[in-house]
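K.L.:
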């Protein structure tokens with residue numbers, strides 16, 4: 058009994074150049090997605106940090122005003 062390799066060859070096989078081009082395109086898309094996610098993370102982190110600093114300043118000014126017996130306008 059002879060074992061023969063059977064292939065379904067109705068689709069042409071991609072050339073080596075096409076395979077490299079496809080791999081490069083996938084890598085480029087992956088890198089762009091990664092950079093987009095990093096940019097989004099960076100902007101979110103900056104926003105959180107800014108909010109934290111602002112609120113810390115507000116709490117510090119409220120504590121200082123309370124020690125001095127001054128009421129601050131909270132409508133701002």
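Residue numbers (our numbering): 58 to 133. C-beta atoms are modelled at their ideal positions from N, C-alpha and C, and glycine is treated no differently. Note that the structure is predicted; figures quoted are calculated from it, not measured.
1. According to DSSP, is residue 126 part of a helix, a strand, or is it coil?
2. Tell me whether residue 71 sits in a helix, a strand or coil according to DSSP, three-state version.
3. Short of 8 angstroms in beta carbon distance, which residues of its chain neighbour residue 61, apart from the five on each side in sequence? Order them along the chain.
P.N.:
Well, looking at it:
1. coil
2. Look at residue 71 here: in three-state DSSP terms it is coil, with no helix or strand label.
3. none
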